[in-house]
Every structure is written in structure tokens, then in C-alpha cells.
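Shown next, in the form of C-alpha cells:
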């Protein structure tokens, strides 16, 4: 029973720790930035966002800004709609005409991918876990992104396996 409790504590700790290590993305990086030339739809669709991730907008404050808006405001480029937070997040430049020229970003925030685990052998003493691969490789702009998440899960699974073998 003590082994089971220790295993649960290790897994719960790993889950909480991985949530605290959300990735940080510089919007438009590495090829673009907050400008009228960057294709934000293409940039966002090439990445997977999870709860705890953060977006960094780098722009000259004299010519641009960032607003979080509703889907209706995003679709119509209406800068007078009040700011809210939703599961799908919408951002745009509030300078007149910039949104219509493409300075807007839609980010879908999904759940963390589920680990897939199975056991082998008598009593399933050998446990093997895999994490589904991300939709696309993480860019160097994603600090603590996919590679860090995979390493964290691997470390948690190894620690859990070692604790089961040692106790």
C-alpha cells in the first residue's frame, strides 16, 4: 500500500510541476514579429498551446498594441468590443486598419495530451508510457515547450518505475 501511495505522490507532483512549466512563445517568431507582414493564422496553426503557456508580443508601442477580444470582435475587427478570456483566445492590434491588414491572432488552447501507459509481465511490473507526438516540431522560440514536457514526463515515469522497483 505504501508503494501505491508513493507512486501517486510522484505522479501528482510531476503533473503539477509540468503545468507550472508552460511554454513561452514570442508571437511571430522566429521569422516574423508583430508587423503587417507576418501571417499569424499560419504561425498559430503550426503550434500546440496548452494551459500555462504564455504569449509574448514584441512591438513598438507607438504604432501597435494588443487586445484580447471576443470571437465576434475578432471576426469583424471591431475594436470597441470589451475584452474577455475564453478557451479560444483572440488578439489583434487596436490601431485603426491594422487588424484588417492581418494583425490579428487566434490561439486554440487545448488540454494536455494524455499519457498512454501499459504494463508487461506478471503483475505488470514493467510499465511503459508514451506521450502522443505534437502536431509539429516546437520552434526555438518555445521556451520550455514540447522537449521540456517530454523530458519531464520521462523523468516522472522513470522515477515512478525506480520507486516501484526499490520498494
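Numbering (mature numbering (1 follows the signal peptide of the UniProt record, and there is no 0)), first residue to last: -22 to -1, 1 to 145. Glycine included, C-beta positions come from ideal geometry on N, C-alpha and C. Predicted model, so just to flag it, every value in this text is computed and none were measured.
Legend entry - Span of the beta strand (DSSP E), counted from its first residue to its last, around residue 52: Where residue 52 is concerned, there is no enclosing beta strand (DSSP E), although the alpha helix (DSSP H) it sits in stretches over 49 to 54.
Legend entry - Short Cβ contact (7 Å threshold) for residue 85 with residue 22: Yes.
Inset, instruction - Just mark residue 14 as buried or exposed, buried being the case when its beta carbon has 16 or more other beta carbons within 10 Å. - result: exposed
Legend entry - Residue range of the unbroken alpha helix (DSSP H) whose run includes residue 179: Since the first and last residues shown for the chain are -22 and 145, residue 179 lies out of range.
Legend entry - Buried or exposed by the 16-neighbour rule on C-beta atoms within 10 Å, applied to residue 34: Note on residue 34: under 16 other CB atoms within 10 angstroms of its CB, so exposed under the neighbour-count rule.
Legend entry - Best match in 12, 72, 1 for proximity to residue 51 [C-alpha to C-alpha]: 72
Inset, instruction - For the beta strand (DSSP E) containing residue 14, list its first residue and its last residue. - result: Unbroken run through residue 14: none, as it is neither H nor E.
Legend entry - Burial state of residue 78, where buried means 16 or more other Cβ atoms lie within 10 Å: exposed
Legend entry - Spatial neighbours of residue -1 in its chain, beta-carbon cut-off 8 Å, leaving aside the 5 residues before and after: Contacts found: 28, 29, 30, 31, 32, 122.
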